[in-house]
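First to last, the sequence lines map onto chains H and E. One point on numbering: in my numbering, the residue at position 188 of the first sequence is 188, and numbering is uninterrupted. One point on numbering: in my numbering, the residue at position 82 of the second sequence is 319, and numbering is uninterrupted. Cβ atoms here follow ideal geometry from the backbone N, Cα and C, with glycine treated the same way. Notes to accompany the following structure.
Number of protein chains: 2
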Amino acid sequence: MIDDAHAFSETERAGVYRAIFERRDVRAQFRPDPIPPELLARLLEAAHHAPSVGFMQPWDFLVIDSRDIRERVHQGFLRENARAAEHYCGEQGARYRRLKLEGILDSPMNLCITCDRERGGEHVLGRNSMLDTDLFSTCLAVQNLWLAARAEGIGVGWVSIVDPAELGEILGLPPSVYPLAYLCMGYVSDFLDRPELSRAGWRQRLPLSERVHGNGWQAPPAEEALTLAIDELTRHP
Amino acid sequence: MIDDAHAFSETERAGVYRAIFERRDVRAQFRPDPIPPELLARLLEAAHHAPSVGFMQPWDFLVIDSRDIRERVHQGFLRENARAAEHYCGEQGARYRRLKLEGILDSPMNLCITCDRERGGEHVLGRNSMLDTDLFSTCLAVQNLWLAARAEGIGVGWVSIVDPAELGEILGLPPSVYPLAYLCMGYVSDFLDRPELSRAGWRQRLPLSERVHGNGWQAPPAEEALTLAIDELTRHP
């Protein structure tokens, strides 16, 4: 091993990987107990420490516990989901309709993480060639929160089957603010051992080795040792 | 504290928060030592365990160590950066030009994380109302890798000042594959104590309390206890 003065201790490192591997997109296992405010504050602080293009920090956090607001969002979900279900027919359609895809009302709170596309003025450092890097930054905040939540024993589920324009109206967002992630959050009865869609037979994890390339799309990794290390790691997960 | 049977141990939890708070966007501190293949495999596996819309897993990983490829990407960076610099004049322009914004050639390897916008076919579960959720999923993979890298003592820097179309050509990407994140990776001499743009006086961290809302953009958090907890947490970071 090369000098690793900056590496974490074994247990700290294990904590990071455990959060990554045991994090789930929770839909069906929420318990109604409220999240303590000190804990929620830690999660928001974790999200707020995500990297952002030009240190833009384009995110905002809407902590939603109103039953009325959640019911309106849920109505929107039902409509969008009915529209989505039309794309699947026969057996696949029946399977789609059996999937539970959100916990908007079951979870004790929802969190909307938004992206203000105008924060930081007209020219944001690093956001010139790729304009969507503000949205990308906001996603990094989502993942910080998701992993910290797992470490705290809190489940998070991302509901993407909502119309962002409608969500913006319900939440009174200014025109420049995009509701990027609508999350359901709460304690859970259980974190599933693998992703729900995998358990339901909808889609399986792809072999990592097939997703790793070298110095170009058509090239294998230049170092054969990397290919071998990936095989070794994924054979004994 | 409410039942937290699923929460991590104190040290594992500390590891997760440490990765979140001590992660940096590294540009200037890279050392040339190569990353061991077993370690890189762990980072790719961490990225591959990100959540994705409809379990789409739209990402691919290009492990780039060729000097020639990196020099071409670097040339593209120089051109895009000169274009970006034109937006800043006077003192701000001088400050912009002094910033080191990438470590493409200083780091021992670059990693391009891409998003295949057609993976999973025409209809991907959950990607109906918000089409960019495939890009968002890929960002979550980036953040998994970034945090695992920090735990392993590896620095990562995201170069967003590149033209994605040019990058796609250099790397031979198929038309449906978008080069979302071009990352520089390697051991570092040092992880800075705060973000480089903050140290350089370019932009500072926003107060978290001002970014947290309640049941709508105009509403404060419904629970005053949350506001107090955020004040407490950010007063003693």
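{"Check": "Beta bridge counterpart(s) of I248 of chain H as assigned by DSSP", "Outcome": "Because chain H is modelled from 1 through 237, residue 248 of chain H falls outside the range shown and cannot be assessed."}
{"Check": "6 Å Cβ shell around I64 of chain H - same chain, five flanking residues per side excluded", "Outcome": "N110"}
{"Check": "Complete alpha helix (DSSP H) runs within the stretch 260-294 of chain E (minimum length 4 residues, chain order)", "Outcome": "274-285"}
{"Check": "Alpha helix (DSSP H) segment containing A437 of chain E, residue limits", "Outcome": "Unbroken run through A437 of chain E: none, as it is neither H nor E."}
{"Check": "From H:P51, H:G54, H:P220, H:E80, residue whose alpha carbon lies closest to that of M495 of chain E", "Outcome": "Only positions 238 to 474 of chain E appear in the structure, and residue 495 of chain E is not among them; the question remains open."}
{"Check": "Alpha helix (DSSP H) segments (min. 4 residues) lying fully within the stretch 387-413 of chain E", "Outcome": "401-407"}
{"Check": "Contact the stretch 384-393 of chain E vs the stretch 254-262 of chain E: 3+ CB pairs below 8 Å", "Outcome": "yes"}
{"Check": "CB of I257 of chain E within 9 Å of CB of A148 of chain H, strictly", "Outcome": "yes"}
{"Check": "Those residues which DSSP pairs with M130 of chain H across a bridge", "Outcome": "Looking at the DSSP assignment, M130 of chain H forms no beta bridge with any residue, so it has no partner."}
{"Check": "Residue-chain proximity (L135 of chain H, chain E), Cβ-Cβ < 9 Å", "Outcome": "yes"}
{"Check": "Exposure of E328 of chain E, with buried meaning 16 or more beta-carbon neighbours within 10 Å", "Outcome": "exposed"}
{"Check": "Pair within 9 Å by beta-carbon distance, F8 of chain H and G252 of chain E", "Outcome": "yes"}
{"Check": "Within-9 Å CB hit, G330 of chain E to chain H", "Outcome": "no"}
{"Check": "Which listed residue (E:F314, E:L470, E:R387) has its alpha carbon closest to that of Y419 of chain E", "Outcome": "E:F314"}
{"Check": "Within-9 Å CB hit, M1 of chain H to chain E", "Outcome": "Note that M1 of chain H scores 47 on pLDDT, short of 50, meaning its location in the model is unreliable and no value can be drawn from it."}
{"Check": "Nearest-angstrom beta carbon gap, I341 of chain E and L44 of chain H [assumed within contact, 8 Å]", "Outcome": "With a Cβ gap of about 34 Å, L44 of chain H and I341 of chain E do not count as contacting."}
{"Check": "L233 of chain H (DSSP reduced to helix, strand or coil)", "Outcome": "helix"}
{"Check": "W296 of chain E - partner residues in DSSP beta bridges", "Outcome": "E:C352"}
{"Check": "Proximal residues of chain H, C-beta to C-beta of H286 of chain E below 7 Å", "Outcome": "I20, F21"}
{"Check": "C-beta neighbour in chain H for S246 of chain E, strict 9 Å", "Outcome": "yes"}
{"Check": "Segment contact flag, the stretch 183-191 of chain H with the stretch 27-37 of chain H, C-beta cutoff 8 Å, min 3 pairs", "Outcome": "yes"}
{"Check": "For R440 of chain E and R203 of chain H, the rounded distance between their alpha carbons", "Outcome": "43 Å"}
{"Check": "Residue-chain proximity (H311 of chain E, chain H), Cβ-Cβ < 9 Å", "Outcome": "no"}
{"Check": "Simplified DSSP state of G423 of chain E, which is helix, strand or coil", "Outcome": "strand"}
{"Check": "Against chain E: residues of the stretch 138-149 of chain H by CB proximity under 9 Å", "Outcome": "T138, C139, L140, A141, V142, Q143, N144, W146, L147, A148"}
{"Check": "Own chain partners of N452 of chain E with C-beta closer than 7 Å, once the 5 adjacent residues on each side are dropped", "Outcome": "A459"}
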